[in-house]
Amino acid sequence: MKAFDILSKNLCIHQNTMLEASAGTGKTFTIEHLVIRFLLEEDPLTGQTMELSEILLVTFTKKAVLDLKRRVRSALKKTISLLSQDGAEEMPEYLQASVERQQGNTSLLKSKLEKALSIFEEAEIFTIHSFSMKALMENSFETGFTQSGEKENITHEELMLVAEEFFRTEFSPPDFSQGQLTNLMRYFSSDIPKLLKKLVNLSNTYHSIERKRPFHELYLELRQAGIPGNEEGILQQLMTIADHFKKPQPAPDERTYPILAKALSSNEVSEKDFDHLIKEAKVLIEKFSDENRKKRGMPKTPIDESLFTRLKKLLLLIEEAGSPEVILVNAAASLKGFIKRRQEEEGKFSFDALLTKAWESAENSRFKESIRSRYKAVIIDEFQDTDPMQWGIFYRLFIEGNSDTKIFLVGDPKQSIYHFRQADIYTYLRAAEDIGINDRGTLGVNYRSRPDLIDAINLFFSESKLPKLIALPKTGGHLPYLPVAAGRKMGAIPFSDDKKSFHVVLKDQEAGKEDITPFLIRDEIIALREAGIARFGQMAVLVKDRYQGKEVEEALQQALIPASWQRGYSLIGSLSHKAMIELMEGVILFKNFSKLKTALAGPILLFPENALEDVQSGAFLAAIQEIGNLRDTLFNLGFASFFEELKSKTLGLEATVSEKLIVNRGGARFLDEVCLIAERLMEVENELGYSPDRLLHYLKEALSFNADDYPEWNLPPSGEEDSVKIITIHSSKGLEYDIVFAVGLFKTGSDPDQIVHREEEGKFIIKALLSHESALYEQWCEEIDAEKIRQLYVALTRARERLYLYFSDLKKDKLAIGKASPLDLWLAKLSVKEGSYQDLYDAIRAGSEEPLMRFLESQKEISYETGRLRNTATLEPKAKTASSLFKAPPPITRDHKPILLTSFSSIAKASGEEKESGREEAPRDFNAPLKSPLTLPAGAQTGVVIHSILERIPFHPRKAESFVTDYLSGSEYAPWSQAIAEMVKRAFTHTIFGFSLAEVDPAKTMREYEFLYPASLSPSADGYLKGVIDLIFLHQGKYYLLDWKTNWLGRELSDYTEDKILRSMEEHHYKLQAKIYAEAIKRYVRLFDDRPFEELFGGAYYVYLRGLPPPGGQLTGVAPVLFLNDLEAL
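Per UniProt numbering, the sequence shown starts with residue 1, numbered consecutively.
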């Protein structure tokens, strides 16, 4: 590979070129000068230079587009300035040559560059997606891509909603079964947003999805697997086979072996039986695996090998039906078609669908000629991040056939680390072959790092010490590491300690299992700062993920070291995110006491623990009242008004929510986080019209979002420049820092997914692997581990002056393939120069430190030490300034008498409320065969569910069944939907008031009406009475009060006669409740109606819902009406 010197006058730029640009070698510098040269230098074949509009630059992120525009514009200005000066000392060689060709006259050259600068806003610099969109739109006649709506991209949030609809309506027989749903929910720990996200990620891609057989086909095969025989005898033989294997945990269900015996001996297995085997699939596969076979203590009775062979074949079928990965991939294949239909209906495109359209259109000869005639040069930056589809577009447009367009592919395969975004290193290598071996160049001089650091990194990746380190498992080859030369003569920081520019920190074995690395970094930062070697802002910590980053951030904050996330800290899954979910649940599910208390005790409301313990305290009751008011604001005025009101609430205490947060430890930062999440919810509410319930659902969905896909969830970087930067290794690519602490390279990963992306026969497919496909799984793991070595290269090349590399435990004796850390793999390669993938893992499990010590002791370029915490004093505390707009006011003291706040429930409890006396035990069985209002399980939870339905449902009997069924879907009350719907319909249709509720105007009803009014609670105390009235309605000029009761009085309608209901009301003091409620209505009505209340009040009605009879029956379940004079007599 030849050196590529963009400044050399002898370099030919008018040819296709694959340019490998190692880290720090001036890739963007090369691109900006390449554009200048295209503008100034004639193509030898055509004798013409290029216009700016004839040069296409493509990169892979919007940020990279902005950076390229800034750099190219700056290069244009600088070159114009050079051409305006006398003398050519500072001109690059190629520019001097251009001036000489003009015989020293720079006017023409300047005018070309000035013209380009004047129209620079029209420069053709795009992401791959924006280029595809522009090309398709401008050639709509050739591509069939019209402008009406199709230019709108479908968002990830919209895709999640489509996936939710699919899962609700399409995940059903005959393709899927209930047992498969159970396995899928187990796999995702019942985290539906996480499941939906995975489905969207799998389906929203141009990759083909290999769908395995649906449920109904597998069931038919199962029925054909049986050979008629003695079922009882086969069961005994099965138990003998089972005895030859160890018992797994958990063991198979007691019904499992009889069903297996039935499946092997007949064709009468039901779908329900098959579904049971599906749910047991994981246990059965583990039970009868070769690894689980007993090695000693074998039973004397031999195995029937013929039956065992048939059993293993049957288990393969059960595994295919029960594997959550297979179920997920099958669902993704179905969702892919579902999304495509939805996109066609709505005229929208996903990014991958857009690329697919561009790829297909690139075969159209007229479209291809149109694009080729427009561009004379194409430069694709960060080409190692491309995927097969993206390269296919450019190959068809600019390589295939005869094309005069010059194409430059610029990238570094050693930095290909985005496989999770479908970037494919083998596409890079294939493109290099397409370009041709003679058209490949390299940038081999590093201008970023000091010379001794470059030498150390060259040694760390040395081909002689670690041959074939950067593996290419798919081809069986490797990427050769080409050492780079130093472009600087010396370092910029004069270090006064004895550490080298590449410094290794080994784990202190005496530290045990505790990871003290964050504190080692803290101590070293303090030492560097106190010695005057570096400022905080010159240092960065590279972490594996945000969880490790949070550990580092907390360790630095303890020492008052300013730290900030380089690209903003994602709040997805953060404490503030989870706290907002708790808050919204507490407010929306106001009557759920557990949710309410969780919200009050959470990190946003910070309600005192002692006040939570006494639920009758004035503080607690005042807090509930304020939460109730907040709920009204949320549902009536929207989230923005709710959040603004929330910040000023005191919840019955002295300080407001904002004041408490700002003075709490870390409060200013936490308040900023909460405010940012609130802003996001306001945007979603405004853009999508979400209700409070849907906002809560969105918050829960967001827990499974990929942080890289949602930058709007990032807390902006700290405005403080002199702070230590924290950044993940993936995010650090393209960045550089004076001093780097690489801490994210020793953490092991989780088990690789059984869902793999593979190229088979020239097609890229997604497939789920089963246990017998272990060879494919090993290949998949090997590719994942190969990328980890490339992550190692990215991390080690971020430093300009010094790199700290941290090792952890070297021995990992039970590590499964695919889980090794980058440093585990590097260290194993020190021991295994030539060997298989399994040999590498054997070396990792052995964990010998000898190879590492030999390497470190033999390298003068690398220093090392054992990491031990120092007894260093922390930095002097600096004045902490809140980044939030909210500042803590001076303490406020209030001098007043305490005011009591109480409710009917508190009064009744103090009066000694009794349980229903003399009655049999209430029903509790959710699986009761007879389901009716009278057998509906009793308890507070049932009361909450029924009241929640009655709070929302229209008073129309025909809508009751569908509403109740939908509302209870997925809950433990779903099997009781018909019984509850019948109970609700009876409440609407019975003539309880001389008329039925169905006759009442919905606009004249108030449900769950909350009140608060002053009252004399005792001779020595004043206060407030609060409560919630189930229903108030106005009919024929009178106001009615209705309270729903779900109390269980017995198993017969005769248990709900007037006299028995009156006894219940006396036991529970419900007449007192009616008096308190009627007074609230009276106070409310007199605000706008001057008539005597006795003329306006239609009465208080108590309806015991369980006791309402079917239509036509004698009315039971309703207490005698309580009129005003009845209540005033209490």
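Glycine included, C-beta positions come from ideal geometry on N, C-alpha and C. Model, not experiment: these values are computed from the prediction.
Contacting residues, own chain, Cβ-Cβ under 7 Å from N636 (five flanking each side not counted): none
Range covered by the alpha helix (DSSP H) that runs through F639: 639-648
Can you tell me the Cα-Cα spacing of L875 and H772, whole angstroms? Because the pLDDT of L875 is 42, which lies under 50, any placement of that residue in the model is unreliable, and the question is left without a value.
Got a sec: does the ligand NAD put a non-hydrogen atom nearer than 7 Å to the Cβ of I393? Inclusion of the ligand NAD in the displayed structure is not the case, the ligand content being empty and no account of it being possible.
With a threshold of 8 Å between beta-carbons, can K747 be considered close to chain B, or not? Protein chain content of the structure displayed is limited to a single chain, and chain B is not contained in it.
Per DSSP, what are the beta-bridge partners of G441 in this structure? K2, L19
State the start and end residues of the unbroken beta strand (DSSP E) segment that holds T517. Where T517 is concerned, there is no enclosing beta strand (DSSP E), although the alpha helix (DSSP H) it sits in stretches over 517-530.
Near K814, which residues of its chain fall below 8 Å by C-beta distance, leaving aside the five closest residues on each side in sequence? R845
Taking just the CA atoms, how far does N204 sit from K336? 7 Å
Please list, in chain order, all residues of the same chain as A358 whose beta carbon is under 7 Å from its beta carbon, the five residues on each side excluded. S132, A135, L136, I393
Indicate whether I417 and R790 have their beta-carbon atoms separated by less than 8 Å. yes
Cα-Cα, which of K833, L827, Y864, E644 is closest to L852? L827
Please confirm if the segment 1028-1046 is in contact with the segment 1101-1114, defined as three or more CB-CB distances below 8 Å between the two stretches. yes
If you compare alpha carbons, which of K811, S704, E20 is closest to L199? S704
Return helix, strand or coil for M298, following the three-state DSSP convention. coil
Is it buried or exposed, H1069, if we count other Cβ atoms within 10 angstroms and call 16 or more buried? buried
Contact belief for L220 with P252 at Cβ below 8 Å, rounded distance in angstroms: Their Cβ separation, rounded to whole angstroms, is 24 Å, which puts L220 and P252 out of contact at 8 Å.
Top-ranked residue by Cα proximity to R870, from F519, Q422, S265: F519
Just tell me which of L95, F120, S373 has its CA closest to the CA of L108. L95
Proximal residues to E783 (C-beta, below 6 Å), its chain only, five neighbours per side dropped: P473
Going by DSSP, which residues form a beta bridge with A799? Y737
Among E921, S1054, F1088, which has the Cα closest to the Cα of Q1114? S1054
Assign E914 to buried or exposed, taking buried as 16 or more other Cβ atoms, counted over all protein chains shown, within 10 Å of its Cβ. At E914 the pLDDT is 49, less than 50, meaning the model places this residue with poor confidence; the figure from the coordinates comes in the next sentence. E914 should be labelled exposed.
Buried or exposed: V663, going by 16 or more other Cβ atoms within 10 Å of its Cβ? exposed
Can you check the segment 540-593 for any alpha helix (DSSP H) of at least 4 residues that lies completely inside it and give the ranges in chain order? 546-558, 575-588
Going by DSSP in three states, H896 sits in which element: helix, strand or coil? With a pLDDT of only 48 at H896, under 50, the local geometry of the prediction cannot be trusted, and the value read off the model is given with reservation. H896 falls in the coil class under three-state DSSP.
Just how far apart, CA to CA, sit A816 and A786? 15 Å
Buried or exposed: where does S190 fall if 16 or more other Cβ atoms within 10 Å of its Cβ makes it buried? exposed
Counting C-beta neighbours from all protein chains within 10 Å, is the total for residue 1136 16 or more, i.e. buried, or is it exposed? Absent from the model: residue 1136. The displayed extent of the chain is 1 to 1130, so no value can be given.
Nearest neighbour of L1031, chosen from F1011, L1049, S1016, A1015 [CA to CA]: F1011
Delimiting residues of the alpha helix (DSSP H) encompassing E157: 156-169
Can you confirm whether the segment 755-765 touches the segment 487-505 when touching is taken to mean that 3 or more C-beta pairs between the two stretches lie within less than 8 Å? no
Give the secondary structure of A768 by DSSP, where H, G and I count as helix, E and B as strand, and everything else as coil. strand
Identify, in the order they occur along the chain, each residue of the same chain with its Cβ nearer than 6 Å to the Cβ of E530, setting aside the five sequence neighbours on each side. none
Would you call the CB atoms of A123 and L52 closer than 8 Å? yes
Can you give me the C-alpha to C-alpha distance between G638 and I946, rounded to a whole angstrom? 26 Å
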